[in-house]
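Trainee: Numbering (full-length UniProt numbering), first residue to last: 1 to 243.
#1: For my contact list, residue 8 and residue 79 are in at a C-beta cut-off of 8 angstroms; report their separation, rounded to the angstrom.
#2: Would you mind reading off the limits of the beta strand (DSSP E) that contains residue 219?
#3: To the nearest whole angstrom, what separates the beta carbons of residue 93 and residue 107, a pair I think is in contact under 8 angstroms?
#4: Just how far apart, CA to CA, sit residue 48 and residue 165?
#5: Kindly identify the DSSP beta-bridge partner or partners of residue 125.
#6: What is the rounded straight-line gap between the Cα of residue 58 and the Cα of residue 172?
#7: Start and end of the beta strand (DSSP E) containing residue 66?
#8: What three-state label does DSSP hand residue 192 in the structure shown?
#9: Pop quiz: residue 209 and residue 197 are said to be a contact at Cβ under 8 angstroms. What is the actual Cβ separation, rounded to whole angstroms?
#10: Nearest to residue 42 by alpha carbon, out of 6, 114, 72, 174?
#11: Following the continuous beta strand (DSSP E) through residue 152, name the residue where it begins and the one where it ends.
#12: For residue 60, count neighbouring C-beta atoms within 10 Å of its own C-beta (all shown protein chains included) and say buried if the count is 16 or more, exposed if not.
#13: Could you check the C-alpha separation between residue 75 and residue 222 for me, to the nearest Å?
#14: Taking the runs of the alpha helix (DSSP H) that are 4 residues or longer, which of them lie wholly in the segment 70-152?
#15: State the DSSP-derived secondary structure class of residue 20, mapped to helix, strand or coil.
#16: Return the residue from the list 138, 162, 175, 109 that minimises the CA-CA distance to residue 150.
#17: Assuming contact is defined by CB atoms lying nearer than 8 angstroms, are residue 98 and residue 228 in contact in what I supplied?
#18: Is residue 184 buried or exposed, if buried means 16 or more other CB atoms sit within 10 Å of its CB?
#19: In terms of DSSP beta bridges, what is residue 3 paired with?
#20: Does the Cβ-Cβ distance between residue 113 and residue 216 come in under 8 angstroms?
#21: Could you check what DSSP says for residue 227 in three-state terms: helix, strand or coil?
#22: Mapping DSSP to helix, strand and coil, what is residue 27?
#23: Please classify residue 225: is it buried, with 16 or more other beta-carbons within 10 angstroms of its beta-carbon, or exposed?
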């Protein structure tokens, strides 16, 4: 069964314009993500899906593949779904372009879980550490049941609690590595709009709940850091330095 990584990279980010080209230790962030993805699947199987000629030029000059996609794509997953139509693979791994310390072994694990559970959407998560703020709206928190299936994902701290004594001891957050089949992506794009929950939370995976598809979560080691705003870069640079 063949697999590839597609990295959605939008230049016109509302919170951080030009984010994929933001420099991390002097190198564009998108290339950090592409190189780590290449360690998992091979350079020839890594594609960057973008609306930006500038991003495409940077990617291609570094020896990676770029696929131009609709500037009006609703989400990164819609962009991945559009790119997937032009590719011939069995498993498509969506690695977000703002995950510059993604672990290649987690990408490989996502592929294997998708192969083992072909009818489930697959997504990573990890536990937040004491330095992370579960009330931050920049970090999607996830509720996973005892069978490792996603119950819900929110920008609020979930699960909630009625009393101080019943408060969760820790919170889980999304790690943006997703495993899809061609059919999964086609269904997502065919929905044609953002779902109600997806629009409220601004979390794209919630559209799959409206499609009544199961979302299987897999735990990764703590330490995942995404770049949502410019202030996040310093923490990522420190994490890279400490590796």
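Glycine included, every Cβ here is placed at the ideal spot set by N, Cα and C.
Mentor: By the coordinates alone:
#1: Right, their Cβ atoms sit about 4 angstroms apart.
#2: Residue 219: member of the beta strand (DSSP E) spanning 215-219, first to last residue.
#3: Contact flag correct, Cβ pair sits at about 6 angstroms.
#4: A straight line joining the alpha-carbon of residue 48 with that of residue 165 spans about 46 angstroms.
#5: As a beta-bridge residue in DSSP terms, residue 125 pairs with 174, 219.
#6: Taking the straight line from one Cα to the other gives about 34 angstroms.
#7: For residue 66, the enclosing beta strand (DSSP E) starts and ends at 65-68.
#8: Coil at residue 192, not helix or strand.
#9: Rounded, the Cβ-Cβ distance is 7 angstroms, consistent with contact.
#10: Residue 6 is the option with its Cα nearest to residue 42.
#11: Run containing residue 152: 150-154, per the beta strand (DSSP E) assignment.
#12: When all chains shown are included, residue 60 counts as exposed.
#13: For residue 75 and residue 222, the distance between alpha carbons rounds to 26 angstroms.
#14: If one requires a minimum length of 4 residues, the alpha helix (DSSP H) runs lying completely within the segment 70-152 are 76-84, 104-116, in chain order.
#15: Of the three classes helix, strand and coil, the one that applies to residue 20 here is helix, per DSSP.
#16: Cα-wise, what sits closest to residue 150 is 175.
#17: Yes, they are a contact pair.
#18: By the 10 Å Cβ count, residue 184 comes out buried.
#19: Under DSSP, residue 3 takes part in a beta bridge, and its partners are 91.
#20: In this structure, residue 216 lies closer than 8 angstroms to residue 113 by Cβ.
#21: Coil, per DSSP.
#22: In the structure shown, residue 27 adopts extended strand secondary structure according to DSSP, grouped into three states.
#23: Burial call: buried.
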